[in-house]
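Colleague:
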Amino acid sequence: MANEPLLDRRFLERLERLTIHWQRSFNGLVGGHNRSRFSGGGQEFLDHRNYHQGDDLRAVNWRAFMRLDKMFLKMFQVEPRVPVHILLDTSESMSVDPAKFYYARKLAASLSYVGLVRLDMIELLPFAGELHKGRTVGGGRQRFSPLATFLEELTSGGSTNFMKVSRQFLNEFPQRGLVIIISDFLGEENYEKAIQFLADAGNELCLIQLWTDDERSPSWSGEYDLVEAETNAKLHIHVDSDAKRRYTEEFDKHAAAIRTLALRNSGRYAGIPTSMPLDDAIFVELVRTRSIA
Amino acid sequence: MELLNLTLGQFLITFGGVAAVAVALYLLDRTKKRHVVSTLRFWVTPGQPAPVSRNRRIQQKVSFLMQLLGMLLLMLAIAEFQFGGGFSKRRDHVLVLDSSAWMSAALPGGAKGTTLMDAARANALGWLRAVPPTDRVLVVRADGLATPVTAWEVDHRKILRAILETTPGSTALNLSQNLEFARDMQRRSGAESGEIVYSGPGRISAREATSPNLPEMPAFRVLNVDDAVENCGIRSVGARHSESKQGVWEVLVRARNYGRRTRTVSITLNYGHAPQGNHTLDLPPGEDKETLFEVNSRAAGILEARLYLQGSPGDGFAADNYASLELPEQRTLHVVVYTDQPAALKPALESDPRVRAEYRPKSAYTPDNDGLVVLDRFRPETAPKGKAFWIDPPSDRSPITVKERVEHPEGLRWVPDQPLTQGLRARNSQIESTSVLQTQSDDIRVAEIDQGAVMMARGDTLVAGFNPFAGSMRYELSVPILVGNILRWASLDTFRDIDVGTQSAGAVSSPLPTTVDRKSVKVLTETGTILPFNIRDRAVQFFAGEPTRVRVLSGTAERVYSLTLPEMWDAKWTTPKDARRGIPAWNDTLRRNQILWPWLAILGIGLLVAEWVLYGSYRLSRLHVVARREEAA
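From first to last, the protein sequence lines are chains B and F.
In case it helps, this note's numbering puts the first sequence at residues 30 to 322.
In case it helps, this note's numbering puts the second sequence at residues 326 to 958.
Structure below.
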């Protein structure tokens, strides 16, 4: 699993048809189809200004220089994009079953590739107890390779602290945008408040909850010492059919609460078991929830 | 109360093991295991207590007891639990099935071709049907020897096959030995002894009848077979050379009436398919009679004796009405005597009809020799071929060097312990003169005086330094004995004392002369293989279990036994008073006992099913179904 590329070429080609979708209109920013009035390295000409030392010589209007004997710099309009923040949970609970963390990284890579193809700015931010150093990429599919390498080298560990992560995120990325959180939303219990902060700051939420089948419906029964992966807390318990039934009921309530949180903030929610093929997760589940289109 | 299939110990060990495994599995299912999970929050429902730890404690005691009780009932079913009944104990029985020669006799009152063996087999099968299926049976075929034909067997099909395959043998019943063997096998089996069952008519030898040696048997049963049949048969046939007539065999046929009334029998004798005579005998019941035939023949051939019972009823046992024996060729020794005084040698040589003596003058000498050449004080130019007896040869031309010539020697003595001096005991025989011979290490010294050997053998040459047929010695008994020994030395086979007889197969005792060296005794079958034998009470004893011809060689004698007659009995065995009789009714008793194991099995399975319904997965799965329905609603 570790030696394989996260996504193969054929799957990437299929992803090129998709677009990350958001609903909200952000102040100061427009969607990809609107033009910004900020100058920059765009395609459309905006104005001229005097040349200053250190400017890029490639932007000098050499025709004007030939006529006027003075160097003017051509200015182009930038195309501002809504930033897409992908927050990937790398806490210990994500790797109780290594397949879940691997699945999460593949899902993050897929969404990043979809964004890159549409020239979106992707902020990939791993987190656990705090926000880790992420990777910002944009400008097309050719930038995907370093991002994929980053994801492949990513490791899990630590316990989740959503509140600290939210505060850190809002400090470092004041610009509003789309926030995609890929997590199992286990570990810390007051995650709702932290995520609510993100929404209240003007971000649009897309919450993707991952779980393994064993996490939702345990297949084992008997006398157990259960150890929580992130906190090492222990619980001595006799697991029988009745206990398992109640466990599943509580898990479903938890998933429903995450969904409610997303919808209440005009966001989107997708609950994906790791037993679901990635194809189905992308092209069925995320499309159904209108996270991508 | 008892268990048919298992002993109490086996049952307790097996059930204890099963119960221990069940308890261990129950507790193992509740052994604490460590498991890492993503979160603990869903295991404890707010407002509800956490599921209780149940480690190593028996929960749902009623369920567990139902499981153990169910398994106990199933184990009892497997062990075939039963109330009461000493009949149902597993026992080891021995069936002694008579397979003696007499068993081929016709069954009185039976259908044509039905034999006593058929009746004994039918009785044995009837007894086998009464044997409980858990009892073990060992089948022994009883004739002269006890032959077990099965192991300790509970499979009635194998026992049935062994009974049906039993056929009459050639020897008489040795009941004591067979019953002793059966009892010994019962003692060694290790299980509880059952019955020793004898199936047959109980015909035994007179020796056994006079001194019965039956073992102590706790349970002895007799399945009697009625054998009151009329039978006359040949007891023995013997043949020997006639002492008075040359080339004549005297054949003695002995017949016996085993029936209950006087019968007339005719006995015919054939030799080489040619009739030799027919004698009629009146045989009183239980008595033997002999009749003598003379057969004139030197050639070898088969002698056959047949007995025909006249009148009605007919003979019920045909196997002893015919006997055959092989007569050997009557050989002669050709002796050529070169002498000028044949009258001196004739009395010694012509006394034996097996000697064909020819007297020739010295002038007619030829070296050819097909038997024995006797040279009386004569030395030819060419030595004779083969065996030669030189009588007082000339001192200067003797075939063995002469040391000296002694006149009127004294103290002539025979060197003992050799065939040439067998029977010679005389001392100081008077001879007029003799040559003293030069001996070598391999020479056989026959007679000697103080000066040295005067008669000795070297290879095929026998030289006497004196003339035993002259002087006063010619009247001594030593001379014909010496001549007889010389003739045997020349051709041992011709002068071997042949006694030919027909007997029955089984244990044979052949008388042994006292003078015979025991090391020279051999017992050979007709194929030449050596038969084991024992020498006891001046008799060679051996056993032949089937019809054959046996030769007993002892020194110069040979006895040929044609064991073609079946070994016969002499007496009817009297059944002990305490013996059980007839076919028992064990199985009927057993059938009357209620068979419990199917009910125990049903009850055990029912308990386990009930436990599963009440406490097992069945109930939980039903709860799940109900829960899903409630969710759907």
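By construction, the Cβ of each residue, glycine as well, lies at the ideal position given by its N, Cα and C atoms.
Scan the segment 267 to 298 of chain B for residues whose Cβ lies nearer than 9 angstroms to a Cβ of chain F and list them as they occur along the chain.
Modeller: Here the close residues are H267, V268, D269, S270, D271, A272, R274, R275, Y276, T277, E278, E279, F280, K282, H283.
Colleague: Are any of the Cβ atoms in chain F nearer than 7 angstroms to that of L136 of chain B?
Modeller: Taking Cβ atoms only, chain F never reaches closer than 7 angstroms to L136 of chain B, which makes this a no.
Colleague: Name the chain F residues that come within less than 8 angstroms of V256 of chain B, Cβ to Cβ?
Modeller: What V256 of chain B touches in chain F: R359, H360, V361, V362.
Colleague: Going by DSSP, what residue range makes up the beta strand (DSSP E) through A262 of chain B?
Modeller: Run containing A262 of chain B: none; DSSP gives neither H nor E here.
Colleague: Given this structure, state the Cα-to-Cα distance separating I321 of chain B from F40 of chain B, to the nearest angstrom.
Modeller: Looking at the two C-alpha atoms, the distance is approximately 16 angstroms.
Colleague: Please work out which residues of its chain come closer than 8 angstroms, Cβ to Cβ, to G61 of chain B, disregarding the five sequence neighbours upstream and downstream, and give them in chain order.
Modeller: The pLDDT assigned to G61 of chain B is 42, lower than 50, so where the model puts this residue is not dependable, and the model offers no usable value.
Colleague: Between A230 of chain B and L207 of chain B, is the Cβ-Cβ spacing less than 7 angstroms?
Modeller: Cβ atoms of A230 of chain B and L207 of chain B: not closer than 7 angstroms.
Colleague: DSSP three-state label for P653 of chain F, please.
Modeller: Coil.
Colleague: Closest to P302 of chain B by CA distance: which of B:E314, B:R293, B:L292, B:G296 is it?
Modeller: If we check each option's Cα against that of P302 of chain B, B:E314 comes out closest.
Colleague: Based on DSSP bridge pairs, tell me the residues matched to K897 of chain F.
Modeller: Beta-bridge pairing links K897 of chain F to F:R528.
Colleague: When DSSP labels each residue in this structure, what does E121 of chain B get in the three-state scheme?
Modeller: E121 of chain B: helix per DSSP, three-state reduction.
Colleague: Roughly how many angstroms lie between the CA atoms of S829 of chain F and E892 of chain F, to the nearest whole one?
Modeller: Cα to Cα, the separation comes out at about 4 angstroms.
Colleague: Tell whether a beta-carbon distance below 7 angstroms holds between G584 of chain F and P600 of chain F.
Modeller: Against a cut-off of 7 angstroms, the Cβ pair of P600 of chain F and G584 of chain F comes out as no contact.
Colleague: Going straight from the alpha carbon of N694 of chain F to that of P709 of chain F, what length do you get?
Modeller: Using only the alpha carbons, I get a separation of about 7 angstroms.
Colleague: Do T819 of chain F and L652 of chain F have their C-beta atoms closer together than 7 angstroms?
Modeller: No. Outside cutoff.
Colleague: Is it the case that the segment 96 to 106 of chain B contacts the segment 163 to 173 of chain B, given that we only count it when at least three CB pairs across the two stretches are under 8 angstroms?
Modeller: Touching, no.
Colleague: Can a CB atom of chain B be found closer than 7 angstroms to the CB of F367 of chain F?
Modeller: Taking Cβ atoms only, chain B reaches closer than 7 angstroms to F367 of chain F, which makes this a yes.
Colleague: Along the chain, where does the alpha helix (DSSP H) containing F280 of chain B start, and where does it finish?
Modeller: Start and end: 270 to 293.
Colleague: In angstroms, rounded to a whole number, what distance separates the CA positions of M488 of chain F and A449 of chain F?
Modeller: Looking at the sequence provided, one finds Ile at residue 488 of chain F rather than Met. Looking at the two C-alpha atoms, the distance is approximately 7 angstroms.
Colleague: Identify the continuous alpha helix (DSSP H) that holds Q601 of chain F and give its terminal residues.
Modeller: No alpha helix (DSSP H) contains Q601 of chain F, which is instead part of the beta strand (DSSP E) from 599 to 608.
Colleague: Does the beta-carbon distance from V578 of chain F to T616 of chain F come in below 7 angstroms?
Modeller: A contact, by the Cβ cut-off of 7 angstroms.
Colleague: Report the rounded CA-to-CA distance for Y886 of chain F versus E541 of chain F, giving the unit in angstroms.
Modeller: The alpha-carbon atoms of Y886 of chain F and E541 of chain F are separated by roughly 37 angstroms.
Colleague: Relative to the C-alpha of L75 of chain B, which residue among B:A88, B:D84, B:L153, B:H81 is closest?
Modeller: Closest by alpha carbon: B:A88.
Colleague: Please name the residue in F:F868, F:P744, F:A832, F:V804 whose C-alpha comes closest to that of T881 of chain F.
Modeller: The residue with the shortest Cα to Cα distance from T881 of chain F is F:P744.
Colleague: Answer yes or no: does any C-beta atom of chain F fall closer than 7 angstroms to that of W233 of chain B?
Modeller: In the sequence under discussion, the amino acid at residue 233 of chain B is Glu, which differs from the Trp named in the question. It does not: the Cβ of E233 of chain B has no partner Cβ on chain F nearer than 7 angstroms.
Colleague: Please classify I627 of chain F: is it buried, with 16 or more other beta-carbons within 10 angstroms of its beta-carbon, or exposed?
Modeller: The residue is exposed, with fewer than 16 neighbouring Cβ atoms inside 10 Å.
Colleague: Are at least three pairs of beta-carbons, each pair with one atom in the segment 829 to 843 of chain F and one in the segment 450 to 465 of chain F, less than 8 angstroms apart?
Modeller: In short, these stretches do not touch, since the Cβ pair count stays below three.
Colleague: The beta strand (DSSP E) that contains K481 of chain F, what's its start and end?
Modeller: Strictly speaking, residue 481 of chain F in this sequence is His, with Lys absent from that position. Segment 481 to 489 is the alpha helix (DSSP H) holding H481 of chain F; no beta strand (DSSP E) there.
Colleague: For a quick check, are the C-beta atoms of G602 of chain F and F618 of chain F less than 7 angstroms apart?
Modeller: Yes, Cβ-Cβ distance for G602 of chain F and F618 of chain F is below 7 angstroms.
Colleague: I want to verify the contact list: residues of chain F whose CB lies under 8 angstroms from the CB of Y253 of chain B, in sequence order.
Modeller: Those within 8 angstroms of Y253 of chain B in chain F are K357, K358, R359, H360.
Colleague: Just to confirm my understanding: we take L140 of chain B, look at its own chain, exclude 5 residues before and 5 after, and list those with CB closer than 7 angstroms. What are they?
Modeller: I49, I115, I209, listed in sequence order.
Colleague: Strictly below 8 angstroms CB to CB, what residues from chain F border S122 of chain B?
Modeller: Within 8 angstroms Cβ-Cβ: S363, T364.
Colleague: Which residues in the same chain have their Cβ closer than 7 angstroms to the Cβ of F506 of chain F, if we skip the five residues on either side of it in sequence?
Modeller: Result list for F506 of chain F: V465, A471, in chain order.
Colleague: When burial is assigned at 16 or more other CB atoms within 10 Å of the CB, is L802 of chain F buried or exposed?
Modeller: Exposed, by the Cβ-count rule.
Colleague: Tell whether a beta-carbon distance below 7 angstroms holds between P872 of chain F and T852 of chain F.
Modeller: No. Outside cutoff.
Colleague: Rounding to the nearest angstrom, what Cα-Cα distance links R245 of chain B and F367 of chain F in this structure?
Modeller: If I take the Cα positions, the gap works out to 10 angstroms.
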